[in-house]
Amino acid sequence: MEAILGWLFILGLLCGIVASLIGHKKDRSILGFILGFLFGPFGILIILVIRGSRRNCPYCKELMQYTATVCPHCQKESSSPAPAKWQNPRAAEKMMKADLRKFK
Ligand SMILES: [Zn+2]
C-alpha cells in the first residue's frame, strides 16, 4: 500500500513539473504544477487548454502580453487592442476561474 502511495506521489510530482513547464509559457506555472500534481495527466490537459495572459502577435505570431499594444518581438503596433475584459486583472482572474470550473 505504501509503495502505491509513493508511486502516486512521484507520478503527481512528474505531472506537476510537466504541467508547470507548459503553464510557464502562459504565466501560469504555479497553477500548472498544482493541477498536474492533483489531477495527474488530466491536470496537464487542463493547463493545455487554459488561456494564459498572453496572445499571439497578428504579424509575427509570437506570444505577447494581452495588454501590450506594441509587440516586443517585431516592434509593430498591434491593430487589435486587448479586449476590455483583459484590461482588468480581476476580471481576467474571474474568467480563468470560470475556465477551471468547466473541468470539475
Ligand atoms: Zn510581433
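Under the working numbering, read the sequence shown as residues 39 to 142, first letter to last. Positions of the beta carbon are idealized from the N, C-alpha and C atoms, including for glycine.
Given Cys112, which residues of its chain have a CB within under 6 Å of its CB, disregarding the five upstream and five downstream residues?
For Cys112, where only same-chain residues beyond five positions count, the Cβ hits under 6 Å are Tyr97 and Cys98.
Please classify Ile68 as buried or exposed, where buried requires at least 16 neighbouring CB atoms within 10 angstroms.
Under this definition Ile68 is an exposed residue.
For Ala57, which residues in the same chain have their Cβ closer than 7 Å to its Cβ, ignoring the five residues on either side in sequence?
Around Ala57: Gly70, Phe71, Leu73, Gly74, Gly81, Ile82 and Ile85.
Give the residues whose C-beta lies closer than 6 Å to at least one heavy atom of ligand 1, in chain order.
The answer, residue by residue, is Cys95, Tyr97, Cys98, Glu100, Cys109, His111, Cys112 and Lys114.
Near His62, which residues of its chain fall below 8 Å by C-beta distance, leaving aside the five closest residues on each side in sequence?
Excluding positions up to five away in sequence, the list reads Gly70.
Grouping DSSP H, G and I as helix and E and B as strand, with all else coil, what is Met39?
Met39: coil per DSSP, three-state reduction.
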